[in-house]
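**Student:** There's a structure below that I have some questions on.
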DNA sequence: GCACTGACAAGGT
DNA sequence: AACCTTGCCAGTG
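In our numbering, the protein residues as written are 51 to 161.
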C-alpha cells in the first residue's frame, strides 16, 4: 500500500497546528468518497509509518474525538488538541467549524 | 476463500 | 432529534 494510505498520511501531516479535519473530508479529497472508514483504518496503522502522523487532528464529521481510545491514553488526544489551542468539550471540538481545515479547499492547488 | 470487524458518513424511519 | 440501515474497502481469523 503506497497509494491510498500514504495519501492519507500526507494530507494529515499537512493539517496545521490548531486545526482539525474529518475522515470524510480526506476520503472525498482522495476520491474514495464514501470510504471514510479506510481513512480511519489508515490512521490505525499510522503508527507503523516512519514519520509522525498527527492523527489527533483528525476527527469525525461531528467534530467528535472518536479515535481517542487509540492513543494509548484516551485523554491523550484531547490533551494534544488543547495544547494546540483547540477547546474540547464532552469529547467534541468546540467551534468545530471554526477550526475545521478543509483539505479540498486548502490544497486546491496541490499536485 | 468466506465472514467479521473497524478511528466513518449519509439517508431513512 | 434519536436510532437503524446501507455503502465502502482493506485486513485479519
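Backbone N, C-alpha and C define an ideal beta-carbon position, used for all residues, glycine too. Quick caveat, the model's predicted, so the values are computed rather than measured.
Please report the distance separating the alpha-carbon of residue 123 from that of residue 113.
**Tutor:** Stepping through the first chain from its first residue, residue 123 is reached at position 73. Stepping through the first chain from its first residue, residue 113 is reached at position 63. So the alpha carbons of these two residues sit roughly 19 Å apart.
**Student:** Can you name, in chain order, every residue of its own chain whose Cβ lies under 6 Å from the Cβ of residue 119, other than the five neighbours on each side?
**Tutor:** In the first chain, counting from the first residue as 1, residue 119 sits at position 69. Excluding residues within five positions, none has a Cβ falling inside 6 Å.
**Student:** Is it a yes or a no for the region 100-113 touching the region 140-153, going by three-plus beta-carbon pairs under 8 Å?
**Tutor:** yes
**Student:** Following the continuous alpha helix (DSSP H) through residue 150, name the residue where it begins and the one where it ends.
**Tutor:** Here residue 150 refers to the residue found at position 100 of the first chain. No alpha helix (DSSP H) contains residue 150, which DSSP labels as neither H nor E.
**Student:** If we ignore side chains and look at the alpha-carbon of each, how far apart do residue 154 and residue 63 end up?
**Tutor:** Here residue 154 corresponds to residue number 104 of the first chain, with the count starting at 1. Here residue 63 corresponds to residue number 13 of the first chain, with the count starting at 1. If you take the alpha carbons of residue 154 and residue 63, they lie about 14 Å apart.
**Student:** For residue 71, does the three-state DSSP call read helix, strand or coil?
**Tutor:** Stepping through the first chain from its first residue, residue 71 is reached at position 21. If DSSP states are grouped into helix, strand and coil, residue 71 belongs with the strands.
**Student:** Per DSSP, what kind of secondary structure is residue 125 in: helix, strand or coil?
**Tutor:** Mapped onto the first chain, residue 125 falls at position 75. Three-state result, residue 125: coil.
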